[in-house]
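Participant: Protein chains in written order, with this note's numbering: chain A, 12 to 379; chain B, 12 to 379. We put the CB at the ideal spot given by N, CA and C, even for glycine. I have a structure I would like to understand better, so I am pasting it below and will then ask my questions one at a time.
Number of protein chains: 2
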Amino acid sequence: MGGAMAFTWRLTKRRMAPALFSRCHATLIVGGSKTEKEAATTTSILGPDLPDIWSPLPTSLPRPMPMPPVNHAAPPTIIDGKSIAEEIRSEISADVLHLKSSYGKVPGLAVILVGQRRDSQSYVRYKIKACNQVGIRSLLAQLPDSCSEDEVVDSVTRFNQDPSVHGILVQLPLPQHMDEERILGAISLQKDVDGFHPLNVGNLALRGRQPLFIPCAAKACLQLLLRHQIDLMGKHAVVIGRSKVVGLPTSLLLQRHHATVSIVHAFTHRPEEITREADIVISAAGVANLVRGSWLKRGSVVIDVGTNPIEDPDSEHGYRLTGDVHFDEAVKVASAITPVPGGVGPVTIAMLLSNTLDAAKEAFRSSV
Amino acid sequence: MGGAMAFTWRLTKRRMAPALFSRCHATLIVGGSKTEKEAATTTSILGPDLPDIWSPLPTSLPRPMPMPPVNHAAPPTIIDGKSIAEEIRSEISADVLHLKSSYGKVPGLAVILVGQRRDSQSYVRYKIKACNQVGIRSLLAQLPDSCSEDEVVDSVTRFNQDPSVHGILVQLPLPQHMDEERILGAISLQKDVDGFHPLNVGNLALRGRQPLFIPCAAKACLQLLLRHQIDLMGKHAVVIGRSKVVGLPTSLLLQRHHATVSIVHAFTHRPEEITREADIVISAAGVANLVRGSWLKRGSVVIDVGTNPIEDPDSEHGYRLTGDVHFDEAVKVASAITPVPGGVGPVTIAMLLSNTLDAAKEAFRSSV
Chain A
12 MGGAMAFTWR
22 LTKRRMAPAL
32 FSRCHATLIV
42 GGSKTEKEAA
52 TTTSILGPDL
62 PDIWSPLPTS
72 LPRPMPMPPV
82 NHAAPPTIID
92 GKSIAEEIRS
102 EISADVLHLK
112 SSYGKVPGLA
122 VILVGQRRDS
132 QSYVRYKIKA
142 CNQVGIRSLL
152 AQLPDSCSED
162 EVVDSVTRFN
172 QDPSVHGILV
182 QLPLPQHMDE
192 ERILGAISLQ
202 KDVDGFHPLN
212 VGNLALRGRQ
222 PLFIPCAAKA
232 CLQLLLRHQI
242 DLMGKHAVVI
252 GRSKVVGLPT
262 SLLLQRHHAT
272 VSIVHAFTHR
282 PEEITREADI
292 VISAAGVANL
302 VRGSWLKRGS
312 VVIDVGTNPI
322 EDPDSEHGYR
332 LTGDVHFDEA
342 VKVASAITPV
352 PGGVGPVTIA
362 MLLSNTLDAA
372 KEAFRSSV
Chain B
12 MGGAMAFTWR
22 LTKRRMAPAL
32 FSRCHATLIV
42 GGSKTEKEAA
52 TTTSILGPDL
62 PDIWSPLPTS
72 LPRPMPMPPV
82 NHAAPPTIID
92 GKSIAEEIRS
102 EISADVLHLK
112 SSYGKVPGLA
122 VILVGQRRDS
132 QSYVRYKIKA
142 CNQVGIRSLL
152 AQLPDSCSED
162 EVVDSVTRFN
172 QDPSVHGILV
182 QLPLPQHMDE
192 ERILGAISLQ
202 KDVDGFHPLN
212 VGNLALRGRQ
222 PLFIPCAAKA
232 CLQLLLRHQI
242 DLMGKHAVVI
252 GRSKVVGLPT
262 SLLLQRHHAT
272 VSIVHAFTHR
282 PEEITREADI
292 VISAAGVANL
302 VRGSWLKRGS
312 VVIDVGTNPI
322 EDPDSEHGYR
332 LTGDVHFDEA
342 VKVASAITPV
352 PGGVGPVTIA
362 MLLSNTLDAA
372 KEAFRSSV
């Protein structure tokens, strides 16, 4: 294939991009049946399914498609997770009302909390409060640290059998003596709203396939990027951290959107060097202030998933939450950045509601 | 954590690496029961399961762990896939004999070939020949291009039910009118020796979990690296291509070995720039001579999975196979490189035998 032809094709591919996912209305479409609109938006969060057609350019040709210039004088966009979460919650509320009028039923989420961890208790409180806000029924099973693994599995099994429960969430981390894989594995695939089941992960990894659920934090990162019209196709995205909760599914989801993804973790040599090459940085390492301003390329987009408690005697609870990214330094370099708190966190909870809603819709549909 | 402490820890981590996977004897251990040795080697191909413990260093500290210097004067290692494959096949032969004497049965592989593609016919011939070499029984179901999807599924179903068949392989690509997902999905999970089932992919992606089977080409790439004692931990590996057959599982498997992985594909802007940063390049794009010498860092290790037919009137069949990598250019820059043919190909077929052997062992074990 000649260079000129390849060049034309690349430009064409580029032109396709905005039309394909310039606007993403999430998966939260009102309606009781699987409409085309809904199918289209499901595709949006998973990215367009495009074939890989290579058209190598001789390296002597001028570089195609320079990245759009960043206006360094413009102040960076502070991506407001709270308002995006509110927008999504209001879409979900409308959907829940619609389901109620169509089927006489509302979605239900069961949360299992084992032990007394204060951070886990807070997270569970937020989740239940968010359910209440949108009309999703919530159930909470609290078990003591001293309970047996079997008791947790029994609790999961009961919720599996309960037709009023559409999503089941086991708050992590579990006490050390418990087998997390066994407990999470007990959750019915249809109610795995955290999306941690290996079948869901496999279907997220495999292009063209549809996982039943995508882990909430990964979906939240994509929501923030897509709702800010940040183009992902071909961009270099560096994901810092590779947990099943955030890093892994986010790296897979970004690939579904045709980003070029690098995964940085604790064993990476000189993580700052590869991060400095990134157009988009998503950090979920769980280390306060790990990502310094010097780690970032000017104009990069920074999504901070870290919520690290650090001591703060002036704060009400003696600690405050801080991100993985050194915000004050990063804000001087990035073109857009999420704050902590108020960035990814609220949208992650909204995605839990969204997954629960999807689970309920599917259950209601198949029951009629 | 102070910089000095972090530095010490990093060095310790580094020292652990060679002991953990300095030698990999694959998963091909003689013996009828799941021995500790076997469990250990299963871990080898999946990489050691280590926690991510971040110990960020202040950027002002001296850089830890420079990459080992490459001797640019030394000629590059040409990684000899043929001899590695032979080594593996002889291990498998011994195992097959052992199974025969223990259980009075041998492993069986069923291959389903639809249509008349010449390249597919060649690949199937190689696979059946390799089975014969090691004493694995092979069955071939050949179906015409004109057959229906249901007929292919029926064929899969029959092999699922046949206790003398332990592995089932549907040669890809299937004719365009067929639903590949449906046909591959019909293969019993226990006989999915290609490892394409989403549950296997999910369990490969999720650290700490064990897929039943890992796709053969990905396993072959790792075998070549591990048998050449190429350290992966923390190294930057660039995988070019992201198919479910090679690129995706290879990128996941490299992550299990704690490499820092970047996935380059047809939508990547300036793929040569990110590839030039790589310590290890694995190319599976399916484009002849895509990767030029100028794409490579001096001293990098290059694994070429491409087998692209290009016209060659001097060749017996009118074409010859060439890799994704421009070998003559790359060999001047790389420290080690696989040729095409004679690199990844033969080891990939050996891995198919290995997966079939594993499937048979599991079946024999559970039948007694």
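Between the alpha carbons of residue 187/A and residue 134/B, how many angstroms are there, rounded?
Facilitator: 48 Å
Participant: Who are the neighbours of residue 209/B on chain A, taking C-beta pairs under 7 Å?
Facilitator: 210, 213, 214, 217, 220
Participant: Along the chain, where does the alpha helix (DSSP H) that runs through residue 367/B open and close?
Facilitator: Run containing residue 367/B: 355–378, per the alpha helix (DSSP H) assignment.
Participant: So what does DSSP say about residue 77/B, is it helix, strand or coil?
Facilitator: Bear in mind that a pLDDT of 48 at residue 77/B, under 50, signals an unreliable position, so the number given afterwards is only what the model happens to contain. DSSP, reduced to helix, strand and coil, places residue 77/B outside both helices and strands of the structure shown, so it counts as coil.
Participant: Using the three-state DSSP reduction, which class does residue 331/A fall into: helix, strand or coil?
Facilitator: strand
Participant: Just the Cα atoms here: how many angstroms apart are residue 375/A and residue 182/A?
Facilitator: 26 Å
Participant: Pull out every residue of the segment 254–286 of chain A whose Cβ sits closer than 7 Å to any Cβ of chain B, in chain order.
Facilitator: The segment 254–286 of chain A vs chain B, Cβ under 7 Å: 255, 259, 266, 269, 271, 272, 273, 274, 275, 276, 277, 278, 279, 280, 281, 283, 285.
Participant: If you drop the 5 nearest sequence neighbours on each side, which residues of the same chain put their C-beta closer than 8 Å to that of residue 130/A?
Facilitator: 320
Participant: In terms of residue numbering, what span does the beta strand (DSSP E) encompassing residue 424/A cover?
Facilitator: Shown here, chain A extends from 12 to 379; a query on residue 424/A therefore has no answer.
Participant: Does any residue of chain A bring its CB to less than 7 Å from the CB of residue 245/B?
Facilitator: yes
Participant: Compare the C-alpha of residue 259/B against each of 208/B, 324/B, 164/B and name the closest.
Facilitator: Comparing Cα positions, the closest option is 208/B.
Participant: If you drop the 5 nearest sequence neighbours on each side, which residues of the same chain put their C-beta closer than 8 Å to that of residue 317/B?
Facilitator: 294, 295, 296, 297, 298, 299, 301, 333, 334, 335, 336, 351
Participant: Would you please verify whether the beta carbon of residue 250/B is less than 7 Å from any beta carbon of chain A?
Facilitator: no
Participant: Three or more C-beta pairs under 8 Å: does that hold for the segment 283–293 of chain B against the segment 242–251 of chain B?
Facilitator: yes
Participant: With 16 as the cutoff for other CB atoms within 10 Å, does residue 143/B come out buried or exposed?
Facilitator: With fewer than 16 Cβ atoms within 10 Å of its Cβ, residue 143/B is classed as exposed.
Participant: What runs of the alpha helix (DSSP H), each 4 residues or longer, lie entirely inside the segment 124–164 of chain B?
Facilitator: Runs found: 129–145.
Participant: In chain A, which residues lie with their C-beta within 7 Å of the C-beta of residue 122/B?
Facilitator: What residue 122/B touches in chain A: nothing, since even the nearest Cβ is about 22 Å away.
Participant: Check whether the segment 154–163 of chain B and the segment 95–110 of chain B touch, using three or more Cβ-Cβ pairs below 8 Å as the test.
Facilitator: no
Participant: In this structure, how does DSSP classify residue 275/B when only helix, strand and coil are distinguished?
Facilitator: Note: residue 275/B maps to strand in three-state DSSP.
Participant: Tell me whether residue 319/B sits in a helix, a strand or coil according to DSSP, three-state version.
Facilitator: Here residue 319/B sits in strand by DSSP.
Participant: Taking C-beta to C-beta, are residue 87/A and residue 312/A nearer than 7 Å?
Facilitator: no
Participant: Which of helix, strand or coil does DSSP assign to residue 8/B?
Facilitator: It is not possible to answer for residue 8/B, since the shown part of chain B is limited to 12 through 379.
Participant: Which residue marks the beginning of the beta strand (DSSP E) containing residue 294/B, and which one marks its end?
Facilitator: According to the DSSP assignment, residue 294/B belongs to the beta strand (DSSP E) that extends over 291–294.
Participant: Given that a residue counts as buried once 16 or more other Cβ atoms are within 10 Å of its Cβ, and exposed if not, what is residue 234/B?
Facilitator: Residue environment analysis places residue 234/B among the buried positions, since at least 16 neighbouring C-beta atoms fall within 10 angstroms of its C-beta.
Participant: Using 7 Å as the limit for Cβ to Cβ distance, is residue 60/B near chain A?
Facilitator: no
Participant: Mapping DSSP to helix, strand and coil, what is residue 119/A?
Facilitator: Strand at residue 119/A.
Participant: Answer with buried or exposed for residue 229/A, where buried requires no fewer than 16 other C-beta atoms within 10 angstroms of its C-beta.
Facilitator: Buried is the call here.
Participant: Could you tell me the distance, in whole angstroms, from the CA atom of residue 115/A to the CA atom of residue 123/A?
Facilitator: Near 26 Å, if we compare the C-alpha coordinates of residue 123/A and residue 115/A.
Participant: Comparing alpha-carbon positions, which option in 270/A, 324/A, 174/A lies nearest residue 377/A?
Facilitator: From the listed residues 270/A, 324/A, 174/A, the smallest Cα separation to residue 377/A is found for 174/A.
Participant: Under the assumption that residue 421/A contacts residue 367/A (Cβ atoms under 8 Å), give the Cβ distance between them as a whole number of angstroms.
Facilitator: Shown here, chain A extends from 12 to 379; a query on residue 421/A therefore has no answer.
Participant: What is the residue span of the alpha helix (DSSP H) that residue 261/A lies within?
Facilitator: Residue 261/A -> alpha helix (DSSP H) spans 258–267.
Participant: Assuming residue 266/B and residue 225/A form a contact by the criterion Cβ under 8 Å, report the distance between their Cβ atoms to the nearest whole angstrom.
Facilitator: Rounded, the Cβ-Cβ distance is 19 Å, inconsistent with contact.
Participant: From residue 44/A to residue 362/A, what distance separates their C-alpha atoms?
Facilitator: The predicted model places residue 44/A with a pLDDT of 40, which falls under 50 and marks its position as unreliable; any figure quoted below should be read in that light. Those two C-alpha atoms are separated by around 20 Å.
Participant: Does the CB of residue 323/A have a neighbour CB from chain B at under 7 Å?
Facilitator: no
Participant: Taking residue 106/A as part of the alpha helix (DSSP H), name the residues at either end of that continuous run.
Facilitator: 92–114
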